[in-house]
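S.K.: Shown below is the structure under consideration.
Numbering (UniProt numbering), first residue to last: 1 to 337.
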């Protein structure tokens, strides 16, 4: 559908907007006129739209200026802008609205929007100003960089932050940066339910840092995806799960596409009598690092730009399972530099 079709559709919806709760226009070329009509629709006092999917609609940096009025809708709770090349400039246009106390979006997805550390920093910094409503944040496929990770850490540290789902797949997070991120998670772990760090070079050191979150008595993580993270040893992970109550909450653990050695047996033994589904096998995987696509087994769902989310069959499981203050941070960082 082109901008002409989108304009005709949204114009029709404007004549009777009161019952519409969800609108999915993903994969269409909206154009300026289509976007303007969407904005007019949402600004209608009778419109109570709660979920808007504009994934892969060729939205440009300039068109993000038009979108700012969408974010001002008092009823909108979920917005997906994934797969649009908005870049840093486009996100900057949206951030003034994100800071507003009237902004009440609960789910925000920016998968693969060509953001660098500058754009990610501006975005996470804006969210820090108004974190209480946000429940899901997806920045997968963007380059967070040092500053982006630090701002995300500060967001997670905010006592008002109640984030439940955090997806950072293929964000080029390093071992060193993983500690910065984990320090944020450790400061406020009680709300997070799902964490996807797939496709990042976390390595064994990153996993060790992550164990600090699992050891926290307030941790209630249900789904953890570390697919393709260059991990070779999970002994510390097995020990953390064995010694804490984290395993009573964990339902899915994805370690696929890692060359894990003998410690996978230790992990399998720990999970054998639990309700946690463990994935260890190598499988078809389009890495963000390859710049192609993403298959994330996080939560048992497939994610791509052209198709939002559809259930897929479970991957092959291991047969034995049913599968952090500033000074302290610098001290810990120095140990891995």
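Quick reminder that beta carbons are idealized off the backbone N, C-alpha and C, glycines included.
Which class does residue 162 belong to by DSSP, given the choice of helix, strand or coil?
M.R.: The sequence position of residue 162 within the chain shown is 162, counting from 1. Here residue 162 sits in coil by DSSP.
S.K.: What did DSSP end up calling residue 167 once you bin it into helix, strand or coil?
M.R.: Here residue 167 is taken as the residue at index 167 of the chain shown, counted from 1. If DSSP states are grouped into helix, strand and coil, residue 167 belongs with the strands.
S.K.: Keeping to the same chain, check which residues put their C-beta closer than 6 Å to that of residue 165; ignore five residues upstream and five downstream.
M.R.: On the chain shown, residue 165 is found 165 positions in, with the first residue counted as 1. So the qualifying residues of the chain are 136, 194.
S.K.: I'd like to know whether the C-beta of residue 74 is nearer than 8 Å to at least one C-beta of chain C.
M.R.: No chain C appears in this structure, which consists of one protein chain only.
S.K.: What is the DSSP secondary structure of residue 90, reduced to helix, strand or coil?
M.R.: To locate residue 90, count along the chain shown from 1; it is residue 90. Correct three-state label for residue 90: helix.
S.K.: Just to confirm, is the Cβ distance from residue 184 to residue 212 under 8 Å?
M.R.: Here residue 184 refers to the residue found at position 184 when the chain shown is read from its first residue. Here residue 212 refers to the residue found at position 212 when the chain shown is read from its first residue. For residue 184 and residue 212, no; Cβs fall outside 8 Å.
S.K.: Whole angstroms are fine: how far does the CA of residue 256 sit from the CA of residue 124?
M.R.: Counted from its first residue, the chain shown places residue 124 at position 124. Counted from its first residue, the chain shown places residue 256 at position 256. So the two alpha carbons sit approximately 29 Å from each other.
S.K.: Taking the straight line between their C-alpha atoms, what separation do you get for residue 14 and residue 238?
M.R.: Start at 1 with the first residue of the chain shown, and residue 14 comes out as number 14. Start at 1 with the first residue of the chain shown, and residue 238 comes out as number 238. In a straight line, the C-alpha of residue 14 is about 55 Å away from that of residue 238.
S.K.: Could you check which residue in 225, 78, 43, 178 has the C-alpha nearest to that of residue 55?
M.R.: Counting from one through the chain shown, the residue named residue 55 turns up at place 55. Closest option to residue 55, Cα to Cα, is 78.
S.K.: Measuring straight from C-alpha to C-alpha, what distance separates residue 94 and residue 71?
M.R.: By one-based count along the chain shown, residue 94 stands at place 94. By one-based count along the chain shown, residue 71 stands at place 71. Going from the Cα of residue 94 to the Cα of residue 71 covers about 8 Å.
S.K.: Can you grab the Cα-Cα spacing for the pair residue 5 / residue 34, in whole Å?
M.R.: Within the chain shown, the letter at position 5 stands for residue 5. Within the chain shown, the letter at position 34 stands for residue 34. Distance between the alpha carbons of residue 5 and residue 34: 8 Å.
S.K.: Would you tell me roughly how many angstroms separate the C-alpha atoms of residue 120 and residue 8, rounded to the nearest one?
M.R.: Taking the first residue of the chain shown as position 1, residue 120 is located at position 120. Taking the first residue of the chain shown as position 1, residue 8 is located at position 8. Taking the straight line from one Cα to the other gives about 35 Å.
S.K.: Is residue 261 buried or exposed, if buried means 16 or more other CB atoms sit within 10 Å of its CB?
M.R.: For this step, residue 261 is matched to residue 261 along the chain shown. It is exposed - the Cβ of residue 261 has fewer than 16 other Cβ atoms within 10 Å.
S.K.: For residue 221 and residue 192, which I take to be in contact (beta-carbon distance under 8 Å), what is that distance rounded to the nearest angstrom?
M.R.: Here residue 221 corresponds to residue number 221 of the chain shown, with the count starting at 1. Here residue 192 corresponds to residue number 192 of the chain shown, with the count starting at 1. With a Cβ gap of about 6 Å, residue 221 and residue 192 count as contacting.
S.K.: Helix, strand or coil: which one does DSSP assign to residue 193?
M.R.: In the chain shown, the residue the question calls residue 193 occupies position 193. Residue state, collapsed to three classes: coil.
S.K.: Hey, quick one: how far does the alpha helix (DSSP H) through residue 154 stretch, first residue to last?
M.R.: Stepping through the chain shown from its first residue, residue 154 is reached at position 154. Element bounds for residue 154: 145-157.
S.K.: Do you know offhand how far residue 245's Cα is from residue 156's?
M.R.: Counted from its first residue, the chain shown places residue 245 at position 245. Counted from its first residue, the chain shown places residue 156 at position 156. Approximately 22 Å, taken between the alpha carbons.
S.K.: Specify, as a first and last residue, the run of the beta strand (DSSP E) that residue 252 falls within.
M.R.: As a working mapping, residue 252 is identified with position 252 in the chain shown. Element bounds for residue 252: 252-254.
S.K.: Give a yes or no on whether the C-beta atoms belonging to residue 152 and residue 181 are separated by under 8 Å.
M.R.: In the chain shown, residue 152 corresponds to position 152, counting from 1. In the chain shown, residue 181 corresponds to position 181, counting from 1. Cβ distance < 8 Å, so residue 152 and residue 181 count as in contact.
S.K.: So the candidates are 159, 146, 160, 187; which of them puts its Cα closest to the Cα of residue 178?
M.R.: Start at 1 with the first residue of the chain shown, and residue 178 comes out as number 178. Measuring from the Cα of residue 178, the nearest candidate turns out to be 146.
S.K.: Assuming residue 129 and residue 99 make a contact with CB atoms under 8 Å, what is their CB distance in whole Å?
M.R.: Indexing the chain shown from 1 puts residue 129 at position 129. Indexing the chain shown from 1 puts residue 99 at position 99. About 4 Å separates the two Cβ atoms, so the contact holds.
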